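Residue numbers for the sequence shown follow UniProt numbering, beginning at 1 and rising by one. Ideal Cβ placement from N, Cα and C applies to all residues, glycine included. Bear in mind that the values here come from a model prediction, so they are computed numbers and not experimental data.
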Amino acid sequence: MAGKLMHALWYDSYGGGPAGLKHVEVPVPSPSKDEVLIKFEAISLNPVDWKIQKGMIRPLMPRKFPYIPGTDVAGEVVEAGSGVKNFKAGDKVVAMLSHLGGGGLAEYGVAKESLTVVRPPEVSAAEAAGLLVAGLTAHQALTQACGVKLDGSGPRKNILITAASGGVGHYAVQLAKLGNTHVTATCGARNIDFVKSLGADEVLDYKTPDGAALKSPSGQKYDAVVQCASNIPWSTFEPNLSANGKVIDITPGPSAMWTFAVKKLTFSKKQLVPLLLIPKGEHLAYLVNLAKEGKLKTVIDSKHPLSKAEDAWAKSIDSHATGKIIIEP
Ligand SMILES: NC(=O)c1ccc[n+]([C@@H]2O[C@H](COP(=O)([O-])OP(=O)(O)OC[C@H]3O[C@@H](n4cnc5c(N)ncnc54)[C@H](OP(=O)(O)O)[C@@H]3O)[C@@H](O)[C@H]2O)c1
C-alpha cells in the first residue's frame with residue numbers, strides 16, 4: 001500500500017465543531033511490527049472524539065495537529081506487521097485505535113494486534129464498531145466497578161443506569177440484565193419503551209420531578225449507579241443509595257472529583273468512583289461473542305457516509321443520539 005493515498009478528515013486546531021473537520025487526501029499508513037492495517041467498513045463516534053477537538057483533554061490530547069479523530073473501527077485486514085501472530089490479510093476484524101494517535105475518520109488505519117478481535121459474520125461491521133469505547137466502558141463499569149457477575153452468579157444488586165438511551169447506557173442496561181440485578185434506568189420520554197425493550201425493570205423520564213430526583217418507582221435503593229449523564233450532583237444520588245452504595249461516574253467533572261476525594265478521606269460507606277476506560281482485547285472479544293450469540297445488540301442511531309462525516313460529528317455534539325452513530329467509508 002506504500003504511496004497509495006486515501007480520503008480522511010482531520011482538524012488542525014482546537015474548536016470549530018463540524019466545520020473544523022477538513023477533507024484531505026493523505027498516504028495510507030503502514031503497520032509497524034505489532035499492528036494490522038485495516039480497510040475500514042464502519043467507524044463509530046463517541047463524545048470523547050469531539051471533546052478532544054474542543055480542547056477538553058488538552059494538553060494530553062491530541063499530541064499534535066493535524067489530528068485525524070476517531071478510534072472505534074471495524075473492517076478487513078489488508079496487511080499485518082511482521083510480528084503479528086493472529087491476523088492475516090482478508091480477516092474481518094473490529095479494533096480500537098489509540099486515542100493518542102487517532103486515525104478513525106479515514107478509509108484505512110492501523111491498530112495494535114492486542115486491541116483487534118475477529119468479527120464473526122453474525123455481527124455487522126456497524127454493530128461491531130459500536131461495541132468499542134461504549135461497550136467496553138459499560139462492561140468495565142459493571143464488572144469491575146460495580147462487581148456484577150455477568151454469568152448471573154453473585155448477590156442480587158439494584159443498579160441505576162442514567163442516560164440509558166445513549167451509547168454507553170444502552171449497552172450497560174443489556175449487560176447488567178445478564179447479571180443478577182434489578183435495573184432502574186433514566187432516559188427521555190421518547191425512549192422509555194426502547195429502554196424497557198433492552199431489559200430495564202423500571203424506567204424514569206429524566207425530565208419529570210421523580211426522574212430528576214432519580215427516585216425508583218418501586219422504592220429501590222441503589223447498590224450501584226452507572227452515571228452516564230452529566231452534572232448530576234452528589235446530593236441527588238445520596239438519598240437514593242443503599243448503605244454501601246457507589247456511584248460509578250464515567251463523566252466526572254470537578255465537583256465529582258471533589259466528592260470522590262471527600263468520601264475517600266472520610267471513609268464514607270457511600271462512595272463516588274470516577275471511571276476511565278482501560279480497554280482490553282479480552283473484554284472486547286467477550287462482547288463480540290455476546291453479540292454473536294444475540295445476547296448484546298448494538299442499536300444504531302444513524303449512519304453517515306465518510307463524505308458527510310461532519311453530519312455525524314454534529315449529531316454527536318448534539319448529545320441526543322439513541323444508541324450509536326456510525327460512519328461508513
Ligand atoms: N470515562 C470514560 O472512559 C468514558 C467512556 C465513554 C463515555 N464517556 C462519557 O460518558 C457520557 C455518555 O457517553 P455516550 O456515548 O453514552 O453519550 P451519548 O450516546 O451521546 O448519550 C446521548 C443520550 O444521553 C441521553 N441523556 C442526556 N442527558 C441525560 C440525562 N440527564 N438523563 C437521562 N438521559 C440523558 C440523551 O437522551 P435525550 O436525547 O432524551 O436527551 C441521549 O439519548 C459522555 O459524556 C462520554 O464522554 C466516558
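Segment limits, alpha helix (DSSP H) that includes residue 357: Since the first residue of the chain shown is 1 and the last is 329, residue 357 is not available in this structure.
Please look up how many angstroms separate the CB atoms of Ala163 and Ala229, rounded, as I've assumed it's under 8 Å. 4 Å
Identify the residues that DSSP records as bridge partners of Cys187: which are they? Asp205
Could you please give me the residues that DSSP links to Pro305 through a beta bridge? Glu328
Nearest candidate by alpha-carbon position, reference Val148, set Ala213, Leu178 and Ser165: Ranking Ala213, Leu178 and Ser165 by Cα distance to Val148 puts Leu178 first.
Going by CA-CA distance only, name the one from Gly245, Ala145 and Glu79 that's closest to Gly31. One detail in the question is off: residue 31 reads as Pro in this sequence, not Gly. Of Gly245, Ala145 and Glu79, the residue nearest in Cα terms is Glu79.
For Pro329 versus Phe40, is the C-beta spacing smaller than 8 Å? yes
Taking only heavy atoms of ligand 1 into account, decide whether any of them is closer than 7 Å to the Cβ of Asn191. yes
Bounding residues of the alpha helix (DSSP H) (the contiguous stretch that carries Val48): Pro47 to Lys54
Whole-number beta carbon distance between Val117 and Ala8, since they are thought to touch under 8 Å: About 24 Å separates the two Cβ atoms, so there is no contact after all.
Bridge partners - Ile248, DSSP secondary structure assignment: Val226 and Val273
Please report the straight-line C-alpha distance between Ala321 and Thr186, rounded to a whole angstrom. 14 Å
Kindly list the residues whose CB is nearer than 8 Å to the CB of Glu107, restricted to its own chain and excluding five residues on each side of it in sequence; keep chain order. Only Met6, His7, Ala8, Val28, Lys39, Phe40, Leu306 and Pro329 meet the Cβ criterion.
Are there any heavy atoms of ligand 3 lying less than 7 Å away from the beta-carbon of Ile250, as far as the coordinates show? In the structure on display, ligand 3 does not appear, and the ligands it does have are ligand 1.
Please list, in chain order, all residues of the same chain as Lys207 whose beta carbon is under 8 Å from its beta carbon, the five residues on each side excluded. So the list reads Gly188 and Ala189, once near-sequence residues are dropped.
Per DSSP, which one or two residues make a beta bridge with Val36? Answer by DSSP bridge pairing, in chain order: Ala80 and Ala111.
Which same chain residues, not among the five before or five after Asp34, have their C-beta less than 7 Å away from its C-beta? Gly81, Gly83, Val84, Lys112 and Glu113
Whole-angstrom distance between Gly323 and Lys315, CA atom to CA atom: Each residue's Cα considered, the two are about 12 Å apart.
How far does the beta strand (DSSP E) with Ala321 in it extend, from its first residue to its last? Segment: none, Ala321 is in no beta strand (DSSP E) and carries neither H nor E.
DSSP beta-bridge partners for Ser235? In DSSP, Ser235 forms no bridge with anything.
Do Leu241 and Lys270 have their C-beta atoms closer together than 8 Å? yes
Under the three-state DSSP convention, the category Val168 falls into: helix
If we ignore side chains and look at the alpha-carbon of each, how far apart do Asp249 and Ala256 end up? 8 Å
Closer than 7 Å: Gly253 CB and nearest ligand 1 heavy atom: no
Between Leu97 and Val73, which are expected to be in contact by the criterion C-beta below 8 Å, what is the C-beta distance as a whole number of angstroms? 6 Å
Between the Cα of Ser153 and the Cα atoms of Thr143, Glu310 and Ile161, which residue gives the shortest distance? Thr143
Own chain, CB closer than 6 Å to Gly169, minus 5 neighbours either side, in chain order: Ile161, Ala163 and Cys228
Measuring straight from C-alpha to C-alpha, what distance separates Met56 and Gly20? Approximately 16 Å between the Cα atoms of the pair.
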